[in-house]
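In my numbering, the protein residues as written are 1 to 742.
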């Protein structure tokens, strides 16, 4: 049994819910109620809301925790409701959001085989360049409710609400209800979280699963039970099936903390970690094993790979290539620390620069300060102290992920930083509560004041980067934060009302900036491959019609696929062959919008959005083109084929018929080969070929010279052998009508 501690002489900020036995959990009311022992957490009654420090005691009993205050459950439910309402607001404005993934969702709702593999079309020509777990909830929703914006994006909103609930639950168990509400609010109001929990990229599910994994590890650290650690392994395994190796970024921190701090003997700790590893491998590897063992001739091509191998995709292009920039066919990495690259500068300050800062870093300085403070407060606690372990779990996940993001030389987009949001929120909530309970000590009051000062000053800097956006707000944040910090300096001696007013003002000043950016984010629709939160900034920030893109003037190709190496888009630019929807528009027919030709305006990628031959966003599918494809779809496996996945997705979403994406996302994957395509045409399986498209239509294939890729050869063969027809402003080649000279 752990030795009771004197809370006045021991600076530990927390204790386990109940004192764990050396070889397992101790039964008691503490685990069920989920509170904190009275000497460490808020007291019951009115003082619980204030968080006054506990009275001196000479010993701590591991007995049942204090009861939850009356306001706790209603406040928690209000937090979840407010988050859901906020994220649902104006959701329809994003249309199909990223049509690349929406097309795969549509395919999965029509074909269980496409559902399993994550195919871009129901005829299973090629998959997306990620594993399919993120597509499964959306595809099931579309099966139930039909293809529309709400069916696609509401599951993402629910993931956001779920992530807030998980962070709240984890922080509440260690730091009390007030800290949990603060953590939940910080997460919900993080701009990039409001963006990605309303968008259909895989990052929403990834953030949820990573938060679940951290929470489960903390639960395992409370009582040493194997089941929590095994379930954490399952969560990471499914996170791998969401976005491959990014799920493993936090594994070193989680494993190290459990190996050192778990309340069981060393031999059992390592046995538990081994079991969790088995759970991870099984939950994440079963799908990989099926795909690798499945005959390649009867499954779709693995999009993004060069050898039709998911393992190659995982450990190469989507794995180590993202770290060292050595991505086959990529447009280049981020360069050396301090140097510029196509994906922005790398270095320790990357999370704070013009490109990234407004997405995630509003509370990042506060989280770093509070992480250090929490570890200082618990420095003399025993090895198994759970509050310190919780700081190490959430803080270690924050640091490892931020460091990798800061220095990775490969493809990097601003919205990746949503992975940091749960960690920032949890550390902020726990750290603020720890200092608040010790605020009568001068150093704790000064640290609280310094935290608010740093947050307000950094908020001023971020808001100053968009000088035309609410120019008065940055001064309000700065003045309000400094005033609150001054009040917190005297937190140990000032009256109750003054202290509460200072604390409330500090929270308001700290959250004002990200709240404004979040509200700006939900007011706009977002579509295309690269999206950003908040108003337009001096870097790669968003704004109506302007999302993020890489520096040096070369837009990226995909979430992982780049344009041709010469920096151009030979496959077509805005306006070519009818492509080039207005910047920021996805270009596909809106759900249920008969007679219309584009989705609701959204915020796409800088420098072209839906243009670039449909490389970054969708293309404008007018009524004549849609009618042509629909009328000729009968009797063919694919109504059409188009170079590039976004291009093909637009026609597929508009018609509801399978459209082959030649070359995958940007047209540079070697699928199908010219010989395979010729056989498809000979067998009458493809009706039309859409002129124009992604980079591969006439650009650089991965590892090849300009104009020598499979998509380029297919395009040249079609144009020289088949009759073309114009529908609206788009040229199609009828693959059932050879030219007379053939």
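Backbone N, C-alpha and C define an ideal beta-carbon position, used for all residues, glycine too.
These numbers come from a predicted model, not from an experiment.
Could you check what DSSP says for residue i in three-state terms: helix, strand or coil?
i, result
"residue 80", "helix"
"residue 435", "helix"
"residue 464", "helix"
"residue 215", "helix"
"residue 692", "strand"
"residue 242", "helix"
"residue 686", "strand"
"residue 526", "strand"
"residue 87", "helix"
"residue 127", "strand"
"residue 301", "strand"
"residue 92", "helix"
"residue 147", "coil"
"residue 401", "helix"
"residue 391", "helix"
"residue 177", "helix"
"residue 3", "In this prediction, residue 3 scores a pLDDT of 41, lower than 50, which makes its location untrustworthy; no coordinate-derived value is stated."
"residue 168", "helix"
"residue 345", "coil"
"residue 71", "coil"
Would residue i and residue j be called neighbours here (beta carbons separated by less than 9 Å)?
i, j, result
"residue 100", "residue 529", "yes"
"residue 656", "residue 153", "no"
"residue 494", "residue 214", "no"
"residue 487", "residue 511", "no"
"residue 362", "residue 480", "no"
"residue 257", "residue 291", "no"
"residue 97", "residue 115", "no"
"residue 364", "residue 402", "yes"
"residue 524", "residue 90", "yes"
"residue 212", "residue 184", "no"
"residue 429", "residue 123", "no"
"residue 120", "residue 485", "no"
"residue 637", "residue 686", "yes"
"residue 421", "residue 161", "no"
"residue 431", "residue 369", "yes"
"residue 279", "residue 233", "yes"
"residue 490", "residue 498", "yes"
"residue 677", "residue 642", "no"
Let me know if residue i comes out buried or exposed under the rule of 16 or more other beta-carbons within 10 Å of its beta-carbon.
i, result
"residue 684", "exposed"
"residue 198", "buried"
"residue 386", "buried"
"residue 246", "buried"
"residue 722", "buried"
"residue 298", "exposed"
"residue 336", "In this prediction, residue 336 has a pLDDT of 46, which is less than 50 and means its spatial position is unreliable; what the coordinates show is noted afterwards. Exposed."
"residue 442", "exposed"
"residue 30", "Low confidence applies to residue 30: its pLDDT is 35, below 50, so where it sits in the model is not reliable enough to give any reading."
"residue 136", "buried"
"residue 358", "buried"
"residue 85", "exposed"
"residue 36", "For residue 36, the predicted model reports a pLDDT of 38, less than 50, meaning its position is unreliable; a value from the coordinates is still stated below. Residue 36 should be labelled buried."
"residue 679", "exposed"
"residue 535", "buried"
"residue 720", "exposed"
"residue 635", "exposed"
"residue 300", "buried"
"residue 129", "buried"
"residue 627", "exposed"
"residue 346", "buried"
In the DSSP assignment, the alpha helix (DSSP H) including residue i goes from what residue to what residue?
i, result
"residue 662", "Not the alpha helix (DSSP H): residue 662 falls in the beta strand (DSSP E), residues 659-662."
"residue 191", "191-196"
"residue 731", "Run containing residue 731: none in the alpha helix (DSSP H); it sits in the beta strand (DSSP E), 730-738."
"residue 294", "Counting along the chain, residue 294 falls outside any alpha helix (DSSP H), and DSSP gives it neither H nor E."
"residue 113", "112-117"
"residue 656", "Note, residue 656: premise wrong, no alpha helix (DSSP H); not H, not E."
"residue 671", "From DSSP, residue 671 is part of no alpha helix (DSSP H); its letter is neither H nor E."
"residue 360", "357-360"
"residue 483", "471-489"
"residue 365", "364-377"
"residue 623", "623-631"
Go to residue i, then tell me how far its beta strand (DSSP E) extends in each direction, as first and last residue.
i, result
"residue 263", "Taken as a continuous stretch (DSSP letters only), residue 263 belongs to no beta strand (DSSP E), as it is neither H nor E."
"residue 723", "722-727"
"residue 638", "638-643"
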